[in-house]
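Student: Shown below is the structure under consideration.
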Amino acid sequence: MSHLPRHRLRRAALAGCATALVAGGCSRQAEVVPPEAASPPISAPATAQQHALTVGEAERWGNDFVTALATGDIATANDRIDWNAIVDAATCDLGVPETVRGQFVAWGKQTAAESGLVRQLARVEQAGGDVALVRCRIAGDECHALFRVLHESVLNYYDARLVRRGDVVRAADIDVYLAGEPVSATLRRYFLTAAAKQAPVAIQSSSGLDGDLVRHADALKALFAAADASDHARVLEVARELPPSLQRSKAILMVRIIAAAQADEEEHARAIAELQDAFPDAPCRDLVTIDFHSLRREHDACRAAIDRLDERVGGDPYLDVLRAATCLEAHDHAGAIGSIEAAIGAMPDLVQPYWIRVAISLDQQKHDDTAAWLDTISKRFGVTFPDLEGVPKYAEFVKSPEYRDWKARREN
17 MSHLPRHRLR RAALAGCATA LVAGGCSRQA EVVPPEAASP PISAPATAQQ HALTVGEAER
77 WGNDFVTALA TGDIATANDR IDWNAIVDAA TCDLGVPETV RGQFVAWGKQ TAAESGLVRQ
137 LARVEQAGGD VALVRCRIAG DECHALFRVL HESVLNYYDA RLVRRGDVVR AADIDVYLAG
197 EPVSATLRRY FLTAAAKQAP VAIQSSSGLD GDLVRHADAL KALFAAADAS DHARVLEVAR
257 ELPPSLQRSK AILMVRIIAA AQADEEEHAR AIAELQDAFP DAPCRDLVTI DFHSLRREHD
317 ACRAAIDRLD ERVGGDPYLD VLRAATCLEA HDHAGAIGSI EAAIGAMPDL VQPYWIRVAI
377 SLDQQKHDDT AAWLDTISKR FGVTFPDLEG VPKYAEFVKS PEYRDWKARR EN
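Going letter by letter, the sequence shown gives residues 17 to 428 in the working numbering.
Printed below as a string of structure tokens:
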């Protein structure tokens, strides 16, 4: 595999695939057919869990889920999620005909199996990304498994709420940090916009969020289509036409932030401020403000946001990679090396920390270190390199005798 990474601290190059992950893979709208053609009603929800789960059981579930994703076993990974419970939560208290709801349930399950969240996560693994179980925890009466998802320059977290269904442990919902909401809430929005014409008058005339989702269904379809196409300017244009209740809803704020990070600095700052004001305790808050402060080269604020996120997730060694990148941007080489060595020690099989270590040596112009770390990456991860003489970041290294020795070794 030939590969050279981007060394800037840019996780919010959040387009295309990130939108699909944010939406849990539901990038196409459900086509809710007329009631007379719809499928039968959904069956009754599964019975409640019999007794509390343990952290050990949650860890086994999480490790099995990650293994299924890594091996492309979509059926097993999907079986670890209680899609009945998620769709139930997405469609409860709407008052739509049961046949219409049943049709959406069938679509939701088909989407989950064919192109949904699980398949998107499996594609992350196949594309050289990483899905890793960070930790499991008990929170009150609930058991959670937290996953870190890395894809290209995007960092995300998925927090699965686990329950016992008979003798089987499954996820009853999954909170996607970059979506700003659980999968069930994303599905509910899709259902409301897809079934807008069949929604009861009570919802269409409601002053609540559900009513606004129904009344502005066409605009929302246009917004998410633009997001899927990475048309950032169009996303912001459509968002400006939405009512304040939708503009400031957490999910739409996240879409605005993702688009504005690429297209409009002032709108980016405005959307970040609205998110912080309306949802100060939201898990997504610090995740997106890290990149916001990095883009503005506000290194102290960036480190503070990383520390808050680290505390929120209960500690994640990957965040030392972000600390190292932040220190590197400030040319704090000692801080960068300390953080990246901690990350490599905790995650020796993840390639990203090694690339940051190369970036540090390039910035220091320690050419022997650059050669040594490139050799380490090649041997450990099977990476081959393009002609570095055409890569600007390696210009000083290429002029050095250490580069000539390194190149000669590789040619032999």
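Beta carbons: idealized from backbone N, C-alpha and C, even for Gly.
1) Grouping DSSP H, G and I as helix and E and B as strand, with all else coil, what is residue 311?
2) For residue 106, which residues in the same chain have their Cβ closer than 7 Å to its Cβ, ignoring the five residues on either side in sequence?
3) So residue 82 packs on residue 149, CB below 8 Å; how close in whole Å?
4) Would you report the Cα separation of residue 379 and residue 390, rounded to the nearest angstrom?
5) Just reading off the alpha helix (DSSP H) that residue 271 is part of, what are its end residues?
6) So residue 243 packs on residue 116, CB below 8 Å; how close in whole Å?
7) Residue 376 and residue 356 look like a contact to me (Cβ under 8 Å); what is the Cβ gap, rounded to whole Å?
8) Looking only at its chain, what residues have a beta carbon closer than 6 Å to the beta carbon of residue 38, apart from the 5 residues adjacent to it on each side?
9) Take every Cβ of the region 339-347, pair it with every Cβ of the region 159-166, and state whether three or more of those distances are shorter than 8 Å.
10) Got a sec? Which residues, its chain only, sit under 6 Å from residue 188 by beta carbon, not counting five neighbours each side?
11) With 16 as the cutoff for other CB atoms within 10 Å, does residue 172 come out buried or exposed?
12) Please classify residue 60 as buried or exposed, where buried requires at least 16 other C-beta atoms within 10 Å of its C-beta.
13) Which stretch, first to last residue, makes up the beta strand (DSSP E) that contains residue 257?
14) Among the candidates 337, 324, 406, whose CA atom is the shortest distance from the CA of residue 374?
15) Assuming residue 140 contacts residue 90 under a Cβ cut-off of 8 Å, what Cβ separation, rounded to an integer in Å, is found between them?
16) Using C-beta distances below 6 Å, list every residue in its chain close to residue 85, excluding the 5 sequence neighbours before and after it, in chain order.
17) I need the straight-line Cα distance from residue 185 to residue 366, nearest angstrom please.
18) Between residue 261 and the rest of its own chain, which residues show a CB-CB distance below 7 Å, the 5 nearest in sequence each way excluded?
19) Helix, strand or coil for residue 155, going by three-state DSSP, please let me know.
20) Looking at the secondary structure, which residues open and close the alpha helix (DSSP H) in which residue 76 lies?
21) Just grab the DSSP bridge partners of residue 160 for me.
22) Helix, strand or coil for residue 172, going by three-state DSSP, please let me know.
Tutor: To lay it out plainly:
1) Counting from one through the sequence shown, the residue named residue 311 turns up at place 295. If DSSP states are grouped into helix, strand and coil, residue 311 belongs with the helices.
2) Numbered from 1 along the sequence shown, position 90 holds the residue referred to as residue 106. Contacts found: 200, 203, 204, 207.
3) Along the sequence shown, read from residue 1 onward, the residue named residue 82 stands at position 66. Along the sequence shown, read from residue 1 onward, the residue named residue 149 stands at position 133. Residue 149 and residue 82 do touch by the CB rule: their CB atoms are close to 6 Å apart, below 8 Å.
4) If you number the sequence shown from 1, residue 379 lands on position 363. If you number the sequence shown from 1, residue 390 lands on position 374. Spanning the alpha carbons of residue 379 and residue 390 requires a straight line of approximately 15 Å.
5) If you number the sequence shown from 1, residue 271 lands on position 255. It spans 266-279 - the alpha helix (DSSP H) in which residue 271 sits, taken as one unbroken run.
6) Within the sequence shown, residue 243 is the residue found at index 227, counting from 1. Within the sequence shown, residue 116 is the residue found at index 100, counting from 1. Contact flag wrong, Cβ pair sits at about 26 Å.
7) Stepping through the sequence shown from its first residue, residue 376 is reached at position 360. Stepping through the sequence shown from its first residue, residue 356 is reached at position 340. About 7 Å; that satisfies the 8 Å criterion.
8) The residue you call residue 38 lines up with position 22 of the sequence shown. Confidence in residue 38 is poor, its pLDDT being 36 and thus under 50, which makes the residue's placement unreliable; the coordinate value appears in the next sentence. Within its own chain, the residues whose Cβ lies closer than 6 Å to the Cβ of residue 38, once the five positions on either side in sequence are excluded, are 194, 195, listed in chain order.
9) Too few Cβ pairs lie closer than 8 Å, so no.
10) As a position in the sequence shown, residue 188 is number 172, starting the count at 1. So the list reads 98, 101, 177, 179, once near-sequence residues are dropped.
11) As a first step, residue 172 must be located in the sequence shown, where it is residue number 156. Buried, by the Cβ-count rule.
12) As a position in the sequence shown, residue 60 is number 44, starting the count at 1. With a pLDDT of 38 at residue 60, under the threshold of 50, the predicted position of this residue should be treated as unreliable, though the coordinate-derived value follows. Counting Cβ neighbours within 10 Å, residue 60 comes out exposed, since fewer than 16 surround it.
13) Along the sequence shown, read from residue 1 onward, the residue named residue 257 stands at position 241. Careful: residue 257 lies outside any beta strand (DSSP E) and carries neither H nor E.
14) The sequence position of residue 374 within the sequence shown is 358, counting from 1. Measuring from the Cα of residue 374, the nearest candidate turns out to be 337.
15) By 1-based counting over the sequence shown, the position of residue 140 is 124. By 1-based counting over the sequence shown, the position of residue 90 is 74. The pair is not a contact, with the Cβ atoms about 13 Å apart (cut-off 8 Å).
16) Along the sequence shown, one-based indexing puts residue 85 at 69. Counting only Cβ-Cβ distances below 6 Å, and skipping sequence neighbours, we find 93, 137, 138, 141, 147.
17) Looking up residue 185 in the sequence shown gives position 169. Looking up residue 366 in the sequence shown gives position 350. Rounded to the nearest angstrom, the two C-alpha atoms are 28 Å apart.
18) Within the sequence shown, numbered from 1, the residue matching residue 261 stands at position 245. Excluding positions up to five away in sequence, the list reads 225, 228.
19) In the sequence shown, counting from the first residue as 1, residue 155 sits at position 139. Of the three classes helix, strand and coil, the one that applies to residue 155 here is strand, per DSSP.
20) Position 60 of the sequence shown, counting from 1, holds the residue named residue 76. 71-86 is the extent of the alpha helix (DSSP H) around residue 76.
21) In the sequence shown, the residue the question calls residue 160 occupies position 144. In DSSP, residue 160 forms a bridge with 153, 177.
22) Position 156 of the sequence shown, counting from 1, holds the residue named residue 172. Strand.
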